[in-house]
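If you use our numbering, the sequence shown corresponds to residues 50 to 376, in order. Written out below as structure tokens is the structure these notes cover.
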Amino acid sequence: MNLTNRPRRLRRTEAIRRMNRETRLSPEALIYPIFVDETLSGMRPIDSLPGQNHYGLDSVCAAVEECLAHGVRHCILFGLPTHKDECGSSAWAGDGVIQRAVRAIKARFPDFTVITDVCMCEYTSHGHCGILHGCEVDNDSTLAHLAKIAASHAAAGADIVAPSDMMDGHVAALREELDRNGFQQTAIMAYSAKYASAFYGPFRDAAGSAPSFGDRKGYQMDPHNRKEAHRECALDAQEGADILMVKPALSYLDVVRECADAFDLPLCAYSVSGEYAMIKAAAAAGLVDEERIMCETALSIFRAGANMLISYYAKEIADAIRRGDIG
Ligand code: PBG
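Here it is as structure tokens:
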């Protein structure tokens, strides 16, 4: 037959298929989450996230060394403090768990990018992401606390602060406080479109940050909404965000595409704990090929338009890229 169009011509050999890839991945675009537990020495496996560990302050540099061994050059830090109270005061303590972890990493690996999650839920006794007035998280009084937390992370040497609280006006509040303290060069990666998602379940077990009552629907976004994500990104961009984020990733690839097209800022996607845990569980049950599912999901997020990816699989994805399995 004389078919003019035969797309299969470009699928004929492995070399041609690789040449023809529309999506290119790089280990440089991968960010690995590290959980630092102030009460721990050494490291301890996280039950809800098979293959992941809690690190004590004495072993956080070992976590970084492992990243570097796989070619991953960026991390995002989450802290588990010894002490929690109503207003999450250990979140901005100069010698808090994250502040100490950042200093330890930066002293040994000054070129390794350290991003810090700026939120209060791991530090408050009630597990909500801000200051409570009655049963509600009060937006405006929370802002000042978030700003203090971000400035304390910057003072410790964080390269990028990432507010994940979903308070209105948070980026402006952080930018102002950072600048006022001389941290003009500290970038803000805003969790802009962060949905109230069931996919955070394993993280909340790992970080001890589940709310003690209610849920986060009063501040995180409703999963039904797409236009609202656009609005959240626009607000964060106006307020001075350097990087926007969509979170979770897999159930929100439409939002990733939309925000990648609509804004000229770099876009990060966060493939969250539930996405990772589901693949792990399905693989452990012998139902899927873990490696291939990991690759396919990661590349789908980049294909949707993400410029960078936070993933618990960051090290394994970097290996797969190097092998040529993706990217
Ligand atoms: C803190 C925060 C959460 C995650 C990142 N930062 C939990 C939440 O919002 O409840 C979730 C990350 C994951 O599930 O991997 N607010």
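Backbone N, C-alpha and C define an ideal beta-carbon position, used for all residues, glycine too.
query	result
Per-residue DSSP class, three states only, for T188	Thr is not the amino acid found at residue 188; the sequence shown has Asn there. Looking at N188 - three-state DSSP - the assignment turns out to be helix.
Proximity test, D166 beta-carbon vs the ligand PBG heavy atom, cut-off 7 Å	yes
H279, DSSP secondary structure in three states	helix
Completely contained beta strand (DSSP E) runs for the stretch 291-328, where each covers 3 or more residues	292-296 and 316-320
Range of the contiguous beta strand (DSSP E) that encloses P212	I209 to P212
Q233 burial status per 10 Å Cβ neighbour count (16 or more: buried)	exposed
Cβ pair count under 8 Å reaching 3, the stretch 115-122 against the stretch 136-150	no
Segment contact, 8 Å Cβ cut-off, at least three pairs: the stretch 260-276 with the stretch 220-229	no
Unbroken beta strand (DSSP E) run spanning H103, endpoints	N102 to Y104
CA-to-CA distance, E339 to V151, given in whole angstroms	32 Å
CB contact flag (M215, K243, <8 Å)	yes
For K133, three-class secondary structure by DSSP	coil
Contained beta strand (DSSP E) runs [length at least 3] in the stretch 136-204, N- to C-terminal order	162-167
CA-to-CA distance, I80 to F351, given in whole angstroms	13 Å
The ligand PBG heavy atom lying under 7 Å from the CB of R253	yes
Given S90 as reference, the closest of E77, T131 and M68 once Cα atoms are compared	T131
Under 8 Å between C-beta atoms of A236 and D208	yes
Environment of F84 [buried if 16+ CB atoms lie within 10 Å]	buried
Whole-angstrom C-beta distance between A286 and L314, which should lie under 8 Å	6 Å
Cβ neighbours of N102 in the same chain (closer than 7 Å, five flanking residues each side left out)	M92, R93, P94 and I95
Y244 beta carbon near the ligand PBG (any heavy atom closer than 7 Å)	no
Per-residue DSSP class, three states only, for M50	coil
Pick from S261, Y268, G128 and D254 that is closest to S241, judged by C-alpha positions	Y268
As assigned by DSSP and simplified to three states, the class of S360	strand
8 Å CB neighbourhood of I164 in its chain, flanking five on each side removed	I80, H123, C124, I125, L126, A207, D208, I209, V210, A211 and M238
Beta-carbon proximity of C317 to A355, cut-off 8 Å	yes
Pick from H177, V113 and D310 that is closest to D160, judged by C-alpha positions	V113
R224: CB within 7 Å of a non-hydrogen atom of the ligand PBG	no
Alpha helix (DSSP H) segment containing L117, residue limits	V109 to A118
DSSP three-state assignment for I350, whether helix, strand or coil	helix
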